[in-house]
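Residues in the sequence shown are numbered consecutively from 0, following numbering that gives the first Met the number 0.
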Amino acid sequence: MKKLDQKDREILRLMQGDGNLSIGDIAERCSLSKSACWRRIQSFDEAGIIKTRTAILDAESLGLALTVYISVRTNQHNVEWSERFKDITHRLDNVLEVHRMSGDLDYLIKAVVIDMKDFDRLYQELIKADLYDVSSSFVMEELKATTQLPI
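Here's what the structure looks like:
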C-alpha cells in the first residue's frame, strides 16, 4: 500500500469529485506544478490506487428505471460452480456488482433493469447457475449513492 501525504489526498479528492478536471486545474488547486501533479497521478495509476477514469451515468435517464438487489444462496460450493456463476454474471450487462458475502447469503448482486419483464429476463439467466434460493429487493428511493471514498 502506497503511503499518501496530504497533497496526494488532496489530488485524489479533487479527482473523485470531478473527473473532468485537467492536470493543470488540479495542480493549481493543490499549489503544485503541472509536472509534479502529473507524476503523482502517474504513481497512483502504477500503484493501482486509480482503477479507471470514467463517466457516471444516470440509469433512470437511460430508461433503466429499476435498481434491484438480488440475494443468492447456493448449495454448490466448488470451483466449477463458482466459475460458471462468475461467467454468467459477467455476461449480463444489467449486473453492476456481484459480491461474495459472509453470513446467510452467499452472493449479493446489484442490477439495473428497464421494468419487470427485463428483470424476469435477468432472473431467467441467473437461475441457469443452479441456485438454491434467490430473493430480490427493489429500490424504492435512493437516499445516498457515491463513488467517492473517504480519503
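Beta carbons are placed, not taken as given, at the ideal position from N, Cα and C, and that holds for glycine.
Check whether residue i and residue j have beta carbons under 8 Å apart
{"i": "VAL94", "j": "ILE108", "result": "yes"}
{"i": "LEU31", "j": "LYS50", "result": "no"}
{"i": "ARG72", "j": "TYR131", "result": "yes"}
{"i": "ILE150", "j": "ARG12", "result": "yes"}
{"i": "ALA128", "j": "ILE69", "result": "no"}
{"i": "LYS33", "j": "GLY23", "result": "yes"}
{"i": "CYS36", "j": "GLU9", "result": "no"}
{"i": "MET190", "j": "TYR106", "result": "Beyond the ends of the chain as shown, which are 0 and 150, falls residue 190; an answer cannot be given."}
Nearest-angstrom Cβ-Cβ length linking residue i and residue j, presumed shorter than 8 Å
{"i": "ALA58", "j": "VAL111", "result": "5 Å"}
{"i": "LYS1", "j": "ILE48", "result": "6 Å"}
{"i": "GLN15", "j": "LEU148", "result": "7 Å"}
{"i": "LEU61", "j": "PHE118", "result": "Contact flag wrong, Cβ pair sits at about 16 Å."}
Simplified DSSP state of residue i, which is helix, strand or coil
{"i": "ALA144", "result": "coil"}
{"i": "TYR106", "result": "strand"}
{"i": "ASP114", "result": "coil"}
{"i": "ASP129", "result": "coil"}
{"i": "GLU101", "result": "First, the amino acid is wrong: residue 101 is Ser here, not Glu. Of the three classes helix, strand and coil, the one that applies to SER101 here is coil, per DSSP."}
{"i": "SER34", "result": "helix"}
{"i": "SER21", "result": "coil"}
Considering only residues of the segment 48-97, which uninterrupted alpha helix (DSSP H) runs meet the minimum length of 4 residues and lie entirely inside it, listed in chain order?
78-90
Are the segment 71-87 and the segment 135-150 in contact at 8 Å, needing three or more beta carbon pairs?
no
Decide if the segment 36-50 is in contact with the segment 80-91; the criterion is three or more beta carbon pairs, one per stretch, under 8 Å apart.
no
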